[in-house]
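Beneath this line is the structure, given in structure tokens, with notes to follow.
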Amino acid sequence: MAFNDDEKPATTPIPNGGSKQGLVTMNIPTYSKKDVALTADSVTAVVEIKATSSTAVREGLDLVAVVDVSGSMRGHKIESVKKALQFVIMKLTPVDRLSIVTFESSAKRLTKLRAMTQDFRGELDGIVKSLIANGGTDIKAGLDLGLAVLADRVFTESRTANIFLMSDGKLEGKTSGDPTQVNPGEVSVYTFGFGHGTDHQLLTDIAKNSPGGTYSTVPDGTNLSAPFATLLGGLVTVVAQDVRLTLTPKTADGDLDKMEVADGTDYTQTTDAKGEITIKFGTLFSGETRKVAVNFTLNESPDTEEYNATLAVARHSYAAQEAPQPAQNIVRLRKPEPTTPGSDDGIEERSVQAEVVRRRHADLIGKASELANGQKLGDARETIMDAQNALGDILLDDGDRMVNALQAELLRLLEYMETQALYDKLGHPYALATIISHRRQRAAGRGDEEVISLYVTPRMIAYLAQAKKFEENPEAPVPSADEDVKQEMAANPLAAISAPLGFYLENAIQALQAIQKIIAANTI
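Residue numbering for the sequence shown follows the UniProt record's numbering, starting at 1 and increasing by one per position.
As structure tokens, this is what we get:
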């Protein structure tokens, strides 16, 4: 089946002459040690890339809502879907396009991919209100059809392809196959699971198969609008696609023995024959960051005096960049008598330790979840308490925001592990959503919006607040995404030029540093 009938979207007005420079930047690497020994040693570096906080420049959104309308979705579930979709319809602009696909025993495309004009908004509202839940559940059929709508697009330039898949995850009746075996390619698939009895692992695996996708749980009695609005706040602020980080090892000088990316993240990663590592992050929302911890093992040095050793070069790139982005050297001072770790740790060393603990935190939640799934609830609770103890030793200078957020997650899991029945109903989906959120470093809904995720952006927070007001009064006006941008630019007029300005300043600084090295070499 070929569609090729997507509607031409409106063109995004780009301020500041259309510059897309500096939309994604890289911070100076941080290290677990102030310096390293001349003897064989090791050090961890954290490389962080960050998307601009400005939403003045963004990619157009192509979104396919794949909706489960099987019999098990009757009642509150389907009504929650309708209200969430109505919120999405009101937020999107003519730059954005939406298609709705439904599935039960088979799948059906209700609308082609169309720009969100005022006329289409009214038409969609009627379609959404008429949704009826009935029949079996063939998730694969719905996912396949949603992907086909995006694969057959005619207009793809500067547009992101995404799927919101909503289901209670209960495969019912004869199906077309296993949805976890579907390859979504470069399409991000965000899944939302409704209530007790949902196959939460199935929906998590579907999301994990896609670049950047997350799983959000919608517990019984709660509404889809909150996690829907949170992720929509990200999707309408995508500032860069095909974001990559390349780590080139510097082995020729003899200092570096091995370079490895630490476990704890879930991105596509490749290593070539020379040991160069490339990590693909996919899209970045405005204000999002990605941290990569890299472990370096160093050989013994033949030198007897201290010197700076370059271990690797980090470079980042993204699809719309107009020039190569500034690189960062990963360098450590090697000394005969290095500083003892912990004796005088500063902000930098503590921040690296915190990132290592955050990754360990997600791993321990995964371990505890496996134990609880195996009816070993006591062991699971002990594992969660081990994670709490690990957090107790972390001292940060950010008002303990990260520690507080992680502690809140653990406390909620302990609450859900009071009984096996409570864990099965609420704890298991909460753990799955939390783990994928940490591994993707992207927000996911967990059914307790009072526990703020580490990965929410300002626009996500704003949309969550708007969604709550919409739930209370669906007749009240909801500002469009364009109106949100105007409000943000009025509050921060310099935001639109901050990204390209930062790029040119970084290039100037690197040029000055290169000149200093040449002068220093000529004066020796």
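Even for Gly, the Cβ is constructed at its ideal location relative to N, Cα and C.
These numbers were taken from a predicted model, which means no experiment stands behind them.
Rounded C-alpha distance that separates V88 from T217: Numbered from 1 along the sequence shown, position 88 holds the residue referred to as residue 88. Numbered from 1 along the sequence shown, position 217 holds the residue referred to as residue 217. Those two C-alpha atoms are separated by around 18 Å.
Residue range of the alpha helix (DSSP H) that includes Q487: Working through the sequence shown from its first residue, we reach residue 487 at position 487. Taken as a continuous stretch (DSSP letters only), the alpha helix (DSSP H) holding Q487 covers 481-491.
Separation of P249 from V189, as counted between CA atoms: As a first step, residue 189 must be located in the sequence shown, where it is residue number 189. As a first step, residue 249 must be located in the sequence shown, where it is residue number 249. Cα to Cα, V189 sits roughly 33 Å from P249.
K174, buried or exposed, once every other Cβ within 10 Å from all chains shown has been counted against 16: Counting from one through the sequence shown, the residue named residue 174 turns up at place 174. The residue is exposed, with fewer than 16 neighbouring Cβ atoms inside 10 Å.
Length of the line joining the Cα atoms of A408 and D119: For this step, residue 408 is matched to residue 408 along the sequence shown. For this step, residue 119 is matched to residue 119 along the sequence shown. So the alpha carbons of these two residues sit roughly 45 Å apart.
Coarse secondary structure for R442, derived from DSSP in three states: Working through the sequence shown from its first residue, we reach residue 442 at position 442. Coil.
Supposed contact pair L364 and E386 - C-beta distance, whole angstroms, cut 8 Å: Residue 386 sits at position 386 when you count from the first residue of the sequence shown. Residue 364 sits at position 364 when you count from the first residue of the sequence shown. Contrary to the premise, residue 386 reads as Asp rather than Glu in this sequence. Yes, D386 and L364 are in contact; Cβ-Cβ is about 6 Å, under 8 Å.
Beta-ladder partner(s) of M385, from DSSP: Indexing the sequence shown from 1 puts residue 385 at position 385. BP columns for M385 are empty, so no partner.
Buried versus exposed, by CB contacts within 10 Å (16 or more), D484: Walking along the sequence shown from the start, residue 484 turns up at place 484. Buried: at least 16 other Cβ atoms inside 10 Å.
Inter-residue Cα distance where the pair is A372 and A444: Residue numbering aside, residue 372 sits at position 372 when the sequence shown is read from its first letter. Residue numbering aside, residue 444 sits at position 444 when the sequence shown is read from its first letter. Whole-angstrom Cα-Cα distance: 22 Å.
Inter-stretch contact (C-beta, 8 Å, three-pair minimum) for the segment 285-298 and the segment 238-249: yes
DSSP state of V238 mapped onto helix, strand, coil: Here residue 238 corresponds to residue number 238 of the sequence shown, with the count starting at 1. Of the three classes helix, strand and coil, the one that applies to V238 here is strand, per DSSP.
Of the residues A40, L464, S437, Q466, the one placed nearest L454, counting alpha carbons only: As a first step, residue 454 is located in the sequence shown; it is residue number 454 there, counting from the start. When only C-alpha atoms are compared, the closest one is S437.
Span of the alpha helix (DSSP H), counted from its first residue to its last, around Y318: Sequence index remark: in the sequence shown, residue 318 carries index 318 (1-based). Neither: Y318 is in no alpha helix (DSSP H) and is coded neither H nor E.
Spatial distance of R359 from H428 (CA atoms): For the purposes of this step, residue 359 is taken as residue 359 along the sequence shown, with counting starting at 1. For the purposes of this step, residue 428 is taken as residue 428 along the sequence shown, with counting starting at 1. Cα to Cα, R359 sits roughly 19 Å from H428.
Uninterrupted alpha helix (DSSP H) stretches inside the segment 73-112 (no shorter than 4 residues): 76-91
In DSSP terms, what N308 is bridged to: As a working note, residue 308 is residue 308 in the sequence shown. Answer by DSSP bridge pairing, in chain order: L333.
Residue ranges of each alpha helix (DSSP H) within the segment 133-188, 4 or longer: 139-151
Spatial distance of T237 from L224 (CA atoms): What you label residue 237 is simply residue 237 of the sequence shown in a count that begins at 1. What you label residue 224 is simply residue 224 of the sequence shown in a count that begins at 1. T237 and L224: Cα-Cα distance of roughly 20 Å.
CB of K20 within 8 Å of CB of V43, strictly: Counting from 1 along the sequence shown, the entry for residue 20 is found at position 20. Counting from 1 along the sequence shown, the entry for residue 43 is found at position 43. No, the Cβ-Cβ distance between K20 and V43 is not below 8 Å.
Cβ-Cβ distance between V64 and G146 below 8 Å: Here residue 64 is taken as the residue at index 64 of the sequence shown, counted from 1. Here residue 146 is taken as the residue at index 146 of the sequence shown, counted from 1. In contact: V64 and G146 (Cβ atoms closer than 8 Å).
Straight-line Cα distance separating D68 from T191: Here residue 191 refers to the residue found at position 191 of the sequence shown. Here residue 68 refers to the residue found at position 68 of the sequence shown. Computed Cα separation, rounded: 11 Å.
Straight-line Cα distance separating A462 from E488: What you label residue 488 is simply residue 488 of the sequence shown in a count that begins at 1. What you label residue 462 is simply residue 462 of the sequence shown in a count that begins at 1. Each residue's Cα considered, the two are about 11 Å apart.
Of the listed residues K8, T304, T310, K425, nearest to A252 (C-alpha basis): As a first step, residue 252 must be located in the sequence shown, where it is residue number 252. A252 has its Cα closest to that of T310, out of K8, T304, T310, K425.
Meets three-Cβ-pair contact criterion under 8 Å: the segment 20-34 and the segment 314-331: yes
Residues of its chain near E157, where Cβ-Cβ distance is below 6 Å and the 5 sequence neighbours each way are ignored: By one-based count along the sequence shown, residue 157 stands at place 157. Closer than 6 Å at Cβ, skipping near neighbours: no residue.
Validate contact between the segment 269-286 and the segment 86-103 using beta carbons, cut 8 Å, 3 pairs: no
First and last residue of the uninterrupted beta strand (DSSP E) at L298: As a first step, residue 298 is located in the sequence shown; it is residue number 298 there, counting from the start. Run containing L298: 289-298, per the beta strand (DSSP E) assignment.
Collapsed DSSP secondary structure at M460 in the structure displayed: What you label residue 460 is simply residue 460 of the sequence shown in a count that begins at 1. The answer is helix: DSSP assigns M460 an H, G or I state.
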